[in-house]
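Protein chains in written order, with the numbering used here: chain A, 1 to 198; chain B, 199 to 396.
Since the structure comes first, as structure tokens, the remarks are kept for the end.
2 protein chains.
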Amino acid sequence: MAPDDVKFFPPASDTRGKVLATALQLFTRQGYFNTSVSQIVRVSGCSTGSIYHHFGDKEGIANALFEALVARIDALFDDIERRHSGAAKRCRAVIELLFTLTEAEPEVMEFVLYARHREFLPERGPICSARPFRKMRDFVARGMETGEVRAVDPVVAAASVYGGALRMIHLRLDGVLERPLGEFLDEVWACAWRSVAP
Amino acid sequence: MAPDDVKFFPPASDTRGKVLATALQLFTRQGYFNTSVSQIVRVSGCSTGSIYHHFGDKEGIANALFEALVARIDALFDDIERRHSGAAKRCRAVIELLFTLTEAEPEVMEFVLYARHREFLPERGPICSARPFRKMRDFVARGMETGEVRAVDPVVAAASVYGGALRMIHLRLDGVLERPLGEFLDEVWACAWRSVAP
DNA sequence: AAGACTAGAACGAGCGTTCGTTCTAGTCAA
DNA sequence: TTGACTAGAACGAACGCTCGTTCTAGTCTT
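Encoded structure:
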């Protein structure tokens with residue numbers, strides 16, 4: 001999985017693309033309410049009028065971001081399901097994906113991870129983090145049927161398998177880890193799988 | 199560990215206490231920027247003037263909340279270190295504490311977990327989640343010296359041990375789990391410890 | 001020339017904050 | 001005991017500023 005394959009917002013030349021890329025950065029870095037529309041105007045180089053023409057209002061920008069990110073992440077998870085079989089391979093692929101994504105576009109990861117707890121769009125936030133989790137739980141639950149995963153509550157098992165990886169991602173985003181996540185992948189995966197292997 | 203032992207804000211009669219309790223609830227439920235000072239005035243029953251007299255400004259309220267929570271959590275972790283010996287017992291005690299705390303005062307847990315990603319006090323946020331993690335890493339690292347924990351990067355090991363528990367807490371706070379966390383404790387702990395046991 | 005898009009000045013609502021006043025409790029002199 | 005005095009706490013109307021949003025004149029493209 002090359003870093004470029006998970007790029008969400010390649011350098012855009014159109015208004016929509018420029019505004020979304022700017023908003024993602026500013027919202028993530030300083031928060032939705034600390035980001036004024038006029039700042040988006042300044043940084044993106046687009047005018048107030050054109051922004052309101054395209055997005056309706058400030059919340060419309062956040063909504064558009066959401067839709068783009070949710071769709072892309074769903075697609076990435078579907079990809080993993082299609083390309084790998086078996087709980088172990090799929091779970092490992094998910095962790096690898098998340099690590100790659102974090103290194104390639106930390107803002108995207110931060111946006112997704114904390115969507116639920118951001119102060120805007122409180123009712124839409126959970127979608128962002130709940131759907132990936134449900135996928136993980138399904139992977140694990142199916143592994144349980146085949147005996148690949150030991151019998152535990154599927155929710156507990158799923159939480160165990162990728163809880164450690166998520167924690168590492170948080171640490172990386174917080175600047176605690178100096179080396180890229182890729183270097184920890186094997187150790188993280190070993191711990192994760194041990195927790196649910198029969 | 200009885201739920202009452204982890205109560206942060208018992209019903210208060212003084213202005214400071216009432217404002218802090220109100221702010222915790224409102225900030226957690228609807229966010230810092232979605233909460234106006236006048237709403238705190240209305241809900242807490244205290245006047246604008248007295249709030250500014252006690253806290254200086256709106257940010258002062260958040261700062262005071264922070265200090266109270268960080269101090270209390272540090273104390274709880276120290277308590278665990280004093281009362282238990284060995285990595286396994288300490289780690290399990292931490293998970294149990296976090297589960298109890300989540301059930302007793304979900305707002306406190308939410309405030310602490312997402313402090314880093316809230317839109318206010320961006321430079322103070324990390325303290326709140328980083329310090330507990332450092333404690334966990336120390337517990338695990340010392341367990342490694344005695345052979346109680348297998349040799350892995352201590353950060354990875356710490357992340358593995360309580361990553362799963364944290365994920366469960368997130369799910370509970372998001373309303374995904376219907377049963378209280380206590381009922382999952384044994385299974386969560388079994389998974390957690392397997393991931394780092396020799 | 002016509003339509004789609006852009007520009008940025010202007011607007012009004014709502015916010016955090018201030019400030020002059022009142023209230024309360026404690027202290028002391030007579 | 002009473003009255004005067006003081007300091008801190010509480011009050012809430014009013015202020016000024018910033019923000020999201022609108023509007024109209026202007027600029028491209030075809």
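Note that CB positions come from ideal geometry on N, CA and C, so glycine has one too.
Taking 9 Å as the cut-off between beta carbons, the residues of the segment 167-192 of chain A near chain B are Arg167, Met168, His170, Leu171, Leu173, Asp174, Gly175, Val176, Leu177, Phe184, Glu187, Val188, Ala190, Cys191, Ala192, in sequence order. Proximity of Val292 of chain B to chain A, defined by a Cβ-Cβ separation below 8 Å, is not satisfied. Remark: fewer than three beta-carbon pairs, one from each stretch, lie closer than 8 Å, so the segment 271-284 of chain B and the segment 245-257 of chain B are not flagged as touching. For the pair Val350 of chain B and Ala390 of chain B, the Cα-to-Cα distance works out to about 14 Å. Interface residue (Cβ-Cβ distance to chain A less than 8 Å): Gly341 of chain B is not classified as such.
Interface annotation, Asp153 of chain A: in contact with chain B, CB-CB separation under 8 Å.
In this structure, Gly284 of chain B places its C-beta atom within 8 Å of the C-beta atom of Gly341 of chain B. Between Ile278 of chain B and Ala266 of chain B, the CB-CB gap reaches or exceeds 8 Å. Within the segment 38-68 of chain A, not one residue has a Cβ closer than 7 Å to any Cβ of chain B. For Glu59 of chain A, the enclosing alpha helix (DSSP H) covers residues 58-83.
When C-alpha distances from Ala141 of chain A are compared across A:Cys91, A:Gly182, A:Asp174, A:Leu173, the shortest belongs to A:Cys91. A check of alpha carbon separations from Val43 of chain A across A:Ala197, A:Leu97, A:Val19 identifies A:Val19 as the nearest. Residue environment analysis places Thr344 of chain B among the exposed positions, since fewer than 16 neighbouring C-beta atoms fall within 10 angstroms of its C-beta. For Gly17 of chain A, the closest Cβ of chain B is not nearer than 8 Å. In the DSSP annotation of this structure, Arg150 of chain A is not part of any alpha helix (DSSP H), being labelled neither H nor E. Residues of chain B with a Cβ closer than 9 Å to the Cβ of Phe139 of chain A do not exist, since the nearest Cβ in that chain sits about 15 Å away. Contact between the segment 298-312 of chain B and the segment 354-363 of chain B is absent: fewer than 3 CB-CB pairs across the two stretches fall below 8 Å.
For Phe184 of chain A, there is no enclosing alpha helix (DSSP H), as DSSP gives it neither H nor E. Identification of chain A residues near Arg392 of chain B by a Cβ-Cβ cut-off of 7 Å yields Arg194, Ser195, ordered along the chain. Separation of Gly175 of chain A and Tyr114 of chain A (C-alpha to C-alpha, rounded to the nearest whole angstrom) is 16 Å. Chain-ordered listing is empty here: chain B has no CB closer than 8 Å to the CB of Val149 of chain A, the nearest sitting near 11 Å. At least one beta carbon of chain A lies nearer than 8 Å to the beta carbon of Ala355 of chain B.
With a cutoff of 8 Å on beta-carbon distance, Leu185 of chain A and Ile169 of chain A are scored as not near each other.
Counting the other CB atoms within 10 Å of its CB gives Pro198 of chain A a total below 16, which places it among the exposed residues.
DSSP places Phe331 of chain B in the helix class (H, G or I) of the three-state scheme. Distance from the CA atom of Gly258 of chain B to the CA atom of Arg83 of chain A, rounded to whole angstroms, is 52 Å. 8 Å or more divides the Cβ of Ile238 of chain B from the Cβ of Ala260 of chain B. Per DSSP, reduced to three states, the secondary structure at Gly373 of chain B is coil, with no helix or strand assignment. Secondary structure at Gly45 of chain A: coil, using DSSP grouped into helix, strand and coil. Pairing Arg16 of chain A with His53 of chain A gives a Cβ-Cβ distance that is not under 8 Å.
A straight line joining the alpha-carbon of Arg172 of chain A with that of Thr102 of chain A spans about 8 Å. Just so you know, the alpha carbons of Ser38 of chain A and Phe66 of chain A end up roughly 21 Å apart. Ser234 of chain B is outside the set of residues whose beta carbon lies under 8 Å from a beta carbon in chain A. Taking a Cβ-Cβ cut-off of 9 Å, Ala286 of chain B has no neighbours in chain A, whose nearest Cβ is about 14 Å from it.
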